[in-house]
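Participant: To start, I am sharing the structure in question, which I have written as structure tokens.
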């Protein structure tokens, strides 16, 4: 296996399978250490810590980050940026948003001073997640502006995610027209990069917003097209797609047609625990599916 540069570490990430990602990173670690490139080695360790955190192994993650911190110097500036980022992510996952924001601000300040746009944007986008709700849109907009202006292709690739985040911010504020505009921008970015799965998700966001705008028939048609695309790709539709088809049919007065989709959504959500923190929503889906106890 060739030894990647630090900027290539992200290409090795599989966020759905953090254990496998950690194993890949650990395979690289001895060879990278042998090169004597301490900054790159420490950066890799920060990503091992991130993978550990995503597995719920927070004690291991903190130990790995402590190992990084003990070796930092003026010769390891990017590793220091990434240490701040991963300290922040760990704190946020542990329900410590104030500490997380302190780390993200430190990451932002250092990355910005180093002109590392990719990590500057990462810090801004994490501040949008961890900071108070009234600040989130500002952080996302700052990140998007930098992504649009940056000459770094990796930084520019943040645009789709940031448009998506802004879209949900506007959606949550009931500004559905602005939400739709941002989701459409996200879709264009995904299509330009040829990202099939992400494109389908972006299309779902648009269809969901169309329902919120009262354009129910159009929303239903789009959700059905998205469902067909998932099936054509050999993947089962997730509960969110089934739920949206059901909700559109229900709002159009087609309750009987909606019930099988509500039932399908309920089965998927109940199996994977996705809506465990939204019991009222899950109960409504079950009721509309007309499922017996």
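Numbering (the working numbering), first residue to last: 1 to 293.
We put the beta carbon where it would ideally sit given N, CA and C, even for glycine.
Source: prediction; values computed, not measured.
Are the beta-carbon atoms belonging to residue 91 and residue 121 less than 9 Å from one another?
Facilitator: Locating residue 91 in the chain shown gives position 91, where the first residue counts as 1. Locating residue 121 in the chain shown gives position 121, where the first residue counts as 1. It is not a contact, given that the beta carbons lie outside the stated cut-off.
Participant: Could you check what DSSP says for residue 30 in three-state terms: helix, strand or coil?
Facilitator: As a position in the chain shown, residue 30 is number 30, starting the count at 1. Correct three-state label for residue 30: helix.
Participant: DSSP on residue 294, reduced to helix/strand/coil?
Facilitator: Outside the displayed span of the chain (1 to 293) sits residue 294, for which this structure offers no information.
Participant: Please report how far the alpha carbon of residue 154 lies from the alpha carbon of residue 213, in whole angstroms.
Facilitator: For the purposes of this step, residue 154 is identified with residue 154 of the chain shown, where counting begins at 1. For the purposes of this step, residue 213 is identified with residue 213 of the chain shown, where counting begins at 1. About 34 Å.
Participant: How would you call residue 115, buried or exposed, if buried means at least 16 neighbouring beta carbons within 10 angstroms?
Facilitator: In the chain shown, counting from the first residue as 1, residue 115 sits at position 115. Classification for residue 115: exposed.
Participant: DSSP three-state call for residue 272: helix, strand or coil?
Facilitator: Within the chain shown, the letter at position 272 stands for residue 272. Residue 272 falls in the helix class under three-state DSSP.
Participant: Could you tell me which of 25, 138, 270 and 31 sits nearest to residue 52, measuring between CA atoms?
Facilitator: Here the question's residue 52 lines up with position 52 in the chain shown. With distances taken between Cα atoms, residue 52 lies closest to 25.
Participant: Could you tell me whether any Cβ in chain D is nearer than 9 Å to the Cβ of residue 53?
Facilitator: The displayed structure is made up of one protein chain only, and chain D is not part of it.
Participant: Taking just the CA atoms, how far does residue 164 sit from residue 176?
Facilitator: Counting from 1 along the chain shown, the entry for residue 176 is found at position 176. Counting from 1 along the chain shown, the entry for residue 164 is found at position 164. Approximately 13 Å between the Cα atoms of the pair.
Participant: Assuming residue 46 and residue 79 are in contact, meaning their beta carbons sit under 8 Å apart, how far apart are those beta carbons, in whole angstroms?
Facilitator: Within the chain shown, the letter at position 46 stands for residue 46. Within the chain shown, the letter at position 79 stands for residue 79. Yes, they are in contact, since the Cβ atoms of residue 46 and residue 79 sit about 7 Å apart, within 8 Å.
Participant: Which residue comes first and which comes last in the alpha helix (DSSP H) that contains residue 99?
Facilitator: For the purposes of this step, residue 99 is identified with residue 99 of the chain shown, where counting begins at 1. First-last of the alpha helix (DSSP H) with residue 99: 97-114.
Participant: Looking only at its chain, what residues have a beta carbon closer than 8 Å to the beta carbon of residue 110, apart from the 5 residues adjacent to it on each side?
Facilitator: Start at 1 with the first residue of the chain shown, and residue 110 comes out as number 110. The residues are 77, 80, 81 and 84.
Participant: Using the Cα positions of residue 253 and residue 283, report the straight-line distance between them to the nearest angstrom.
Facilitator: Position 253 of the chain shown holds residue 253. Position 283 of the chain shown holds residue 283. If I take the Cα positions, the gap works out to 20 Å.
Participant: Are the beta-carbon atoms of residue 167 and residue 209 separated by less than 9 Å?
Facilitator: Reading the chain shown from its first residue, position 167 is the one you call residue 167. Reading the chain shown from its first residue, position 209 is the one you call residue 209. Closer than 9 Å, so yes.
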